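Participant: Let me give you the structure first, and then I'll get to my questions.
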Amino acid sequence: MVNKDSSEKDSSEKKRRKGSSGDSSSGGKQNKEDAYENVIRHEEQEAHRRSADKDKTMFYQTCSELKKIFEEIAALKKDNTEKSNQEIIEKRIQGSLIFVALKKLNRLDKIRLRAGRDALHKEKLRVDSNRLQLQNLLYEANHLKREVQRCYQFKSQDEEIDLVSEEEFYKNAPESISRPQKTKSDEHARRLARLDWELHERKELSALCKKLSIAKQDASKDIGLKAERLNSLAPCLEALLKATRPLQIALEMDIEKEWEVQKSARLLSRPLYLVYANVSAYAEACDSSITTTIEGDEDEAKILDDEDKCDDRDDDDNQESDNEDLEPGNRKVHHKRYSKNETIEIRRKNLLKPHPLSVSLTINKDSPHGQIIITLRYFPGLGFVTAKPTIEINNTGVAAGEVISTENILSCIYADDFGENSPNPKTKYQIDEYHMNEAELLAYLNEQNFGKPYKWAQRFCGIDFVPDKPSTSRSSFFSDTVSYELAQESVPSIVKHLKSRWQARLGLYKQIYALENKNIDLSSDVIDVAPARISSSLVQWLSTTWEEYSSSLSTQRFIEENLVTSHDLFYRAVITRGSAKLECLVCISSDFPNTTPIWNLNLCWNGKHNAINNAAIREMEHWVNSISTAKTKSCILSAQLRRAMSGFDIFLETEGPFYSPAEFTQDKTFLKAFRGRQRSRPYKIVQNGSNVIYKQI
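For the sequence shown, the positions run 1 to 697 when the UniProt record's numbering is used.
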């Protein structure tokens with residue numbers, strides 16, 4: 001009823017407005033626009049006069065009044081009487097007026113917001129203008145400073161000329177040039193006189209240079225004639241070698257090939273020559289599966305060798321000249337022009353530059369299982385040798401690839417030798433001069449693919465950084481520290497260690513590649529230490545990182561006891577049976593198989609269980625890690641995995657009956673599910689004829 005009355009009033013009000021608008025069409029429209037502008041102007045003035053806090057208070061009061069009207073209308077609607085309906089209409093009118101007040105407050109807020117935005121924009125324009133002006137002033141100031149600095153740094157061209165000292169100038173120059181009575185008191189005149197003397201001397205040296213050039217041309221002509229005679233012998237020698245090749249082939253004598261190799265070997269640095277000669281001799285006498293080759297730029301090595309010989313010759317000449325007593329009549333004047341000092345960057349580059357030639361050692365050459373190539377480089381400036389491995393193998397898996405990674409395959413050949421420190425104690429002081437540290441040096445070697453400076457590589461090349469006597473040679477710092485006897489003693493043992501490391505990594509690679517493809521070894525060696533019948537299954541075998549391994553709380557005890565380091569290999573295996581999941585974190589030591597892989601077990605079933613909070617998991621972990629690598633070296637991971645899977649099955653079958661409904665049924669034979677105060681589980685396997693019985697460890 002109320003809605004009908006209100007609709008009728010609204011329609012009558014619309015008709016009245018329509019009639020009034022029809023009566024005053026043009027004049028009314030103008031009046032409305034003027035009224036609208038007046039209202040807007042009035043509201044803007046009101047917004048500036050009254051603060052926003054007062055409008056906020058009015059807004060809260062209006063909202064509370066509107067809320068009160070809503071509550072009263074709701075109460076009147078519950079009465080549903082004629083009187084209440086009339087009151088509802090009045091309340092609606094009051095509410096509409098309150099809405100009008102709310103709209104006005106909203107408009108005032110919009111006006112304030114727009115005014116603040118306009119003021120902010122105007123202030124931004126002013127700030128941008130001031131900042132642009134400031135930047136222009138700063139640019140002009142910097143330009144003036146650069147111009148002033150350029151004036152300060154101005155140098156005349158004669159300042160770059162290296163003149164003789166004043167004492168030598170007054171001693172050797174004639175008085176017509178030196179004019180001591182004038183030049184000693186006038187600095188400018190003295191400078192001009194010294195320049196005149198320099199010009200006079202250079203003219204004399206130029207004449208001497210022309211004379212020597214003519215003598216050089218005569219000598220070169222004589223050398224050319226002799227070279228032509230020698231070159232005429234080359235075709236005869238080539239014909240002789242060609243005629244003797246059938247005899248060389250018949251006698252299996254590759255004389256020419258050996259000559260080429262010996263020619264390249266003479267250009268090697270002394271440490272690389274020692275390792276090349278010793279390993280070649282060892283391979284020829286004891287192991288034909290090892291080959292050595294020389295790689296690099298021979299032309300650059302020849303240039304470097306010639307420079308070293310020139311330096312040695314200059315040192316000898318300087319020593320002889322120091323010991324000579326020159327007579328007064330045989331005075332020699334030396335005018336040596338020294339070039340500018342090399343920049344720090346060039347000297348740093350020369351320090352970090354390796355010898356142009358390197359020696360490559362190939363182990364298991366042409367083997368169907370794969371081969372490893374170890375490249376040895378010598379750094380004359382740093383004084384040590386680096387080793388870089390290259391792997392050639394087929395069917396590389398994702399997880400198995402970590403085993404034969406070039407980053408760690410040569411690590412820990414000997415104890416605590418990871419190639420992460422310079423073996424030369426002098427290196428620290430050398431790189432400090434160029435604002436480097438050892439970490440940056442090793443990063444540079446790795447970036448340039450030079451390898452790592454392992455300690456065994458130094459002994460391999462006969463380098464010992466504790467010399468028996470002080471060095472007396474000036475040509476090479478390591479002349480006394482490179483020992484032929486040390487290289488000869490070290491080569492057999494190091495070669496054997498390298499071969500055993502490669503064979504061990506190949507075997508480990510095959511195991512992990514099989515596990516990555518979920519192929520578990522079932523050989524007799526595995527069955528002897530682990531059961532053949534297993535209910536759980538391997539669903540995942542992936543490689544993981546040191547950060548992920550060390551982030552687990554259950555692995556902290558291994559890290560604290562130094563059983564695990566960041567140089568080891570880490571893997572993650574997931575075993576499932578029903579709703580239960582066993583996550584295994586496996587750590588394989590760098591010196592595998594000397595150290596048994598360490599397994600960390602984490603069970604997710606009716607909560608999370610590990611060796612810290614569950615004695616049964618701790619016992620299972622001990623059972624898995626107690627396998628010896630002596631008998632199961634070739635299948636240690638498969639044996640440990642099957643032990644983990646069988647222990648997982650035993651745990652579920654002994655623990656399952658305590659939960660309802662029972663998810664796992666017993667398919668293993670054991671006498672007692674628990675024993676002793678520790679409630680040990682029957683993880684151990686005992687052969688009883690053709691049957692397999694499980695009992696406590």
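Note that beta-carbon positions come from the ideal geometry of N, C-alpha and C, so glycine has one too. Keep in mind the model is a prediction, meaning the values are calculated, not measured.
According to DSSP, what are the bridge partners of H567?
Facilitator: Counting from one through the sequence shown, the residue named residue 567 turns up at place 567. Answer is none; H567 lacks a bridge partner.
Participant: For K581, which of F651, N517, E561, V100 has the nearest alpha-carbon?
Facilitator: The count along the sequence shown starts at 1 and reaches residue 581 at position 581. Nearest of F651, N517, E561, V100 to K581, Cα basis: F651.
Participant: Run the CB neighbour count on K469, radius 10 Å, all protein chains shown included, and call it buried at 16 or more, exposed below.
Facilitator: In the sequence shown, counting from the first residue as 1, residue 469 sits at position 469. With a pLDDT of 42 at K469, under the threshold of 50, the modelled position of this residue cannot be trusted, and the question is left open.
Participant: Check for me: the beta strand (DSSP E) holding W599 runs from which residue to which?
Facilitator: Walking along the sequence shown from the start, residue 599 turns up at place 599. From DSSP, the beta strand (DSSP E) with W599 extends over 598-604.
Participant: Out of curiosity, what's the CA-to-CA distance linking L506 and G462?
Facilitator: The residue labelled residue 506 in the question sits at position 506 within the sequence shown. The residue labelled residue 462 in the question sits at position 462 within the sequence shown. C-alpha separation (whole angstroms): 29 Å.
Participant: Just the C-alpha distance for T665 and E653, rounded to the nearest angstrom, thanks.
Facilitator: Residue mapping note: residue 665 aligns to position 665 of the sequence shown, counting from 1. Residue mapping note: residue 653 aligns to position 653 of the sequence shown, counting from 1. In a straight line, the C-alpha of T665 is about 6 Å away from that of E653.
Participant: By the three-class DSSP mapping on this structure, what secondary structure does L382 have?
Facilitator: Position 382 of the sequence shown, counting from 1, holds the residue named residue 382. Coil at L382, not helix or strand.
Participant: In this structure, how does DSSP classify R681 when only helix, strand and coil are distinguished?
Facilitator: Residue numbering aside, residue 681 sits at position 681 when the sequence shown is read from its first letter. Coil, per DSSP.
Participant: For R348, does the count of other Cβ atoms within 10 angstroms reach 16, so buried, or fall short, so exposed?
Facilitator: For this step, residue 348 is matched to residue 348 along the sequence shown. So R348 ends up on the buried side.
Participant: For I636, which residues of its own chain have a beta-carbon under 8 Å away from its beta-carbon, when the five flanking residues on both sides are left out?
Facilitator: Sequence index remark: in the sequence shown, residue 636 carries index 636 (1-based). Excluding residues within five positions, the ones whose Cβ falls inside 8 Å are Q511, P593, T596, P597, I627, T629.
Participant: Does the Cβ-Cβ distance between S552 and N614 come in under 9 Å?
Facilitator: Translated into the one-based positions of the sequence shown, residue 552 becomes position 552. Translated into the one-based positions of the sequence shown, residue 614 becomes position 614. Result no, Cβ atoms of S552 and N614 do not sit closer than 9 Å.
Participant: Check this for me: beta carbons of N437 and F384, under 9 Å apart or not?
Facilitator: Along the sequence shown, read from residue 1 onward, the residue named residue 437 stands at position 437. Along the sequence shown, read from residue 1 onward, the residue named residue 384 stands at position 384. Contact flag unset, no.
Participant: To the nearest angstrom, how far is the alpha carbon of W605 from that of S543?
Facilitator: On the sequence shown, residue 605 is found 605 positions in, with the first residue counted as 1. On the sequence shown, residue 543 is found 543 positions in, with the first residue counted as 1. Going by the C-alpha atoms only, they are around 24 Å apart.
Participant: Can you tell me where the alpha helix (DSSP H) with E345 in it begins and where it stops?
Facilitator: Residue numbering aside, residue 345 sits at position 345 when the sequence shown is read from its first letter. Start and end: 344-351.
Participant: For the stretch 564-578 against the stretch 531-540, are there 3 or more C-beta pairs whose distance is under 8 Å?
Facilitator: As far as the Cβ criterion goes, the stretch 564-578 touches the stretch 531-540, which means the pair count is three or higher.
Participant: Under the three-state reduction of DSSP, which class applies to G689: helix, strand or coil?
Facilitator: Start at 1 with the first residue of the sequence shown, and residue 689 comes out as number 689. Here the model assigns G689 a pLDDT of 48, short of 50, so the residue's position is not dependable, and the following value carries that caveat. Residue state, collapsed to three classes: coil.
Participant: Could you tell me the distance, in whole angstroms, from the CA atom of R681 to the CA atom of E619?
Facilitator: Translated into positions along the sequence shown, residue 681 becomes position 681. Translated into positions along the sequence shown, residue 619 becomes position 619. Going by the C-alpha atoms only, they are around 8 Å apart.
Participant: Just how far apart, CA to CA, sit P453 and K145?
Facilitator: Here residue 453 refers to the residue found at position 453 when the sequence shown is read from its first residue. Here residue 145 refers to the residue found at position 145 when the sequence shown is read from its first residue. Looking at the two C-alpha atoms, the distance is approximately 50 Å.
Participant: Hey, is the stretch 402-421 in contact with the stretch 384-394, meaning 3+ C-beta pairs nearer than 8 Å?
Facilitator: Taking 8 Å as the limit for Cβ pairs, the verdict is that the stretch 384-394 does touch the stretch 402-421.
Participant: Would you kindly check if the distance between the Cβ of V261 and the Cβ of L361 is under 9 Å?
Facilitator: Indexing the sequence shown from 1 puts residue 361 at position 361. Indexing the sequence shown from 1 puts residue 261 at position 261. No. Outside cutoff.
Participant: Under the three-state reduction of DSSP, which class applies to P389: helix, strand or coil?
Facilitator: Looking up residue 389 in the sequence shown gives position 389. Three-state result, P389: strand.
Participant: Can you give, in chain order, each stretch of the alpha helix (DSSP H) that sits fully within the stretch 188-236 and has at least 4 residues?
Facilitator: Those alpha helix (DSSP H) runs which fall completely within the stretch 188-236 and span 4+ residues do not exist here.
Participant: Give the DSSP bridge partners of C587, in chain order.
Facilitator: One-based indexing of the sequence shown puts residue 587 at position 587. Its beta-bridge partners are F570, I598.
Participant: Determine contact between the stretch 115-122 and the stretch 89-105, defined as no fewer than three beta-carbon pairs at a distance below 8 Å.
Facilitator: Counting Cβ pairs under 8 Å, fewer than three are found: no touch.
Participant: Can the beta-carbon of V564 be found less than 9 Å from the beta-carbon of C587?
Facilitator: Working through the sequence shown from its first residue, we reach residue 564 at position 564. Working through the sequence shown from its first residue, we reach residue 587 at position 587. The answer is yes: Cβ separation under 9 Å.
Participant: Alpha carbon to alpha carbon, what distance is there between E433 and N136?
Facilitator: By one-based count along the sequence shown, residue 136 stands at place 136. By one-based count along the sequence shown, residue 433 stands at place 433. Going from the Cα of N136 to the Cα of E433 covers about 42 Å.
Participant: Using the C-alpha atoms, what's the distance from Y444 back to F450?
Facilitator: The residue labelled residue 450 in the question sits at position 450 within the sequence shown. The residue labelled residue 444 in the question sits at position 444 within the sequence shown. Each residue's Cα considered, the two are about 9 Å apart.
Participant: Express the C-alpha separation of I344 and N142 in angstroms, rounding to a whole number.
Facilitator: For the purposes of this step, residue 142 is taken as the residue at position 142 of the sequence shown. For the purposes of this step, residue 344 is taken as the residue at position 344 of the sequence shown. Taking the straight line from one Cα to the other gives about 29 Å.
Participant: If you draw a straight line from the C-alpha of E175 to the C-alpha of L199, how long is it?
Facilitator: Position 175 of the sequence shown, counted from the first residue, corresponds to residue 175. Position 199 of the sequence shown, counted from the first residue, corresponds to residue 199. Each residue's Cα considered, the two are about 16 Å apart.
Participant: Would you mind working out which of D591, Q540, V164 sits nearest L641, comparing C-alpha positions?
Facilitator: In the sequence shown, counting from the first residue as 1, residue 641 sits at position 641. Comparing Cα-Cα distances from L641 to each of D591, Q540, V164, the minimum goes to Q540.
Participant: In terms of DSSP beta bridges, what is T292 paired with?
Facilitator: Start at 1 with the first residue of the sequence shown, and residue 292 comes out as number 292. L361.
Participant: By a C-beta neighbour count over all protein chains shown, 10 Å radius and 16 as the cutoff for buried, is T57 buried or exposed?
Facilitator: Within the sequence shown, numbered from 1, the residue matching residue 57 stands at position 57. Exposed.
Participant: Determine the direct distance from the alpha carbon of V359 to that of E160, and round the result to whole angstroms.
Facilitator: Start at 1 with the first residue of the sequence shown, and residue 160 comes out as number 160. Start at 1 with the first residue of the sequence shown, and residue 359 comes out as number 359. In a straight line, the C-alpha of E160 is about 46 Å away from that of V359.
Participant: Measure the C-alpha to C-alpha separation of K684 and D667 and round it to an integer number of angstroms.
Facilitator: Counting from 1 along the sequence shown, the entry for residue 684 is found at position 684. Counting from 1 along the sequence shown, the entry for residue 667 is found at position 667. Rounded to the nearest angstrom, the two C-alpha atoms are 15 Å apart.
Participant: Would you mind sorting K216 into buried or exposed? The rule is 16 or more other CB atoms within 10 Å of its CB.
Facilitator: Within the sequence shown, residue 216 is the residue found at index 216, counting from 1. K216 comes out exposed.
Participant: By Cβ distance below 8 Å, which residues in the same chain neighbour S84 in space, the five residues on each side in sequence not counted?
Facilitator: Taking the sequence shown and counting its residues from 1, the one referred to as residue 84 is at position 84. Within the same chain, S84 has close Cβ partners L76, K77.
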